[in-house]
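Just so you know, we're using my numbering here: the sequence shown kicks off at 4 and counts up by one.
Heads up: the structure comes next, in structure tokens.
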Amino acid sequence: MTRVEEALLFYEFCAPYKRPSMKIDCTLGLGVEVLLACAVNAACLALINSGISMKFLVAAVSCMIDQQDNIILDPDNKQLLDSKATLMFVFDIVKKNIVACHTTGTFSQTQFQESLLKCREASSQIFTYYKDMVKKYANVM
4 MTRVEEALLF
14 YEFCAPYKRP
24 SMKIDCTLGL
34 GVEVLLACAV
44 NAACLALINS
54 GISMKFLVAA
64 VSCMIDQQDN
74 IILDPDNKQL
84 LDSKATLMFV
94 FDIVKKNIVA
104 CHTTGTFSQT
114 QFQESLLKCR
124 EASSQIFTYY
134 KDMVKKYANV
144 M
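Printed below as a string of structure tokens:
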């Protein structure tokens with residue numbers, strides 16, 4: 004995410020077959036880092052709803068570090084005005100490994116690790132939401 008000034012998110016979900024693949028490009032304006040996590044989660048949920056075969060599901064969680072070094076998950080625009088750094092992590096559903104990471108601002112390695120742990124824990128709620136949506140709409144289909 005260097006050349007597109009942190010505005011383009013690209014990730015790929017490959018089918019278990021040799022040739023077919025699905026690519027989704029999410030383009031966001033500058034200064035909307037928090038929406039990046041929302042775009043990733045919306046794209047994943049849309050793919051789940053479409054029934055396209057995927058290797059794994061992903062969940063994105065954003066957080067910020069404010070001027071007092073507090074870590075705030077899913078900050079709103081007002082909170083972002085007081086941020087010295089924003090971080091967004093994308094995790095897989097299998098082992099909750101990091102699939103992607105996007106950061107802005109300055110932070111220490113300790114703050115990065117603390118943010119990573121908090122976001123990893125929060126990703127469980129997103130995966131639970133995915134499962135609830137599948138249960139809700141699987142009966143309709």
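We put the CB at the ideal spot given by N, CA and C, even for glycine.
Predicted, not measured: the structure shown is a model, and the values here were computed from it.
Simplified DSSP state of residue i, which is helix, strand or coil
i, result
"V97", "coil"
"M136", "helix"
"S127", "helix"
"S118", "helix"
Residue i and residue j closer than 7 Å at C-beta
i, j, result
"C122", "C66", "yes"
"A40", "A63", "yes"
"L38", "C47", "no"
"I74", "E117", "yes"
"L76", "A125", "yes"
From the options, residue whose alpha carbon lies closest to that of residue i
i, options, result
"Y140", "K87, A88, G54", "G54"
"I129", "S56, K58, I96", "I96"
"K58", "Y132, A45, K98, M136", "K98"
"D72", "K81, S56, V43, F115", "F115"
Rounded distance between the beta-carbons of residue j and residue i, thought under 8 Å
i, j, result
"N100", "F92", "That pair is no contact at about 10 Å."
"T146", "A88", "No answer is possible for residue 146: the residues shown for the chain start at 4 and end at 144."
"D69", "D85", "5 Å"
"T106", "L90", "5 Å"
Continuous beta strand (DSSP E) assignments of at least 3 residues falling wholly in the region 30–109: At a cut-off of 3 residues, the continuous stretches assigned as beta strand (DSSP E) that sit fully inside the region 30–109 are 61–69, 74–76, 86–95, 101–108.
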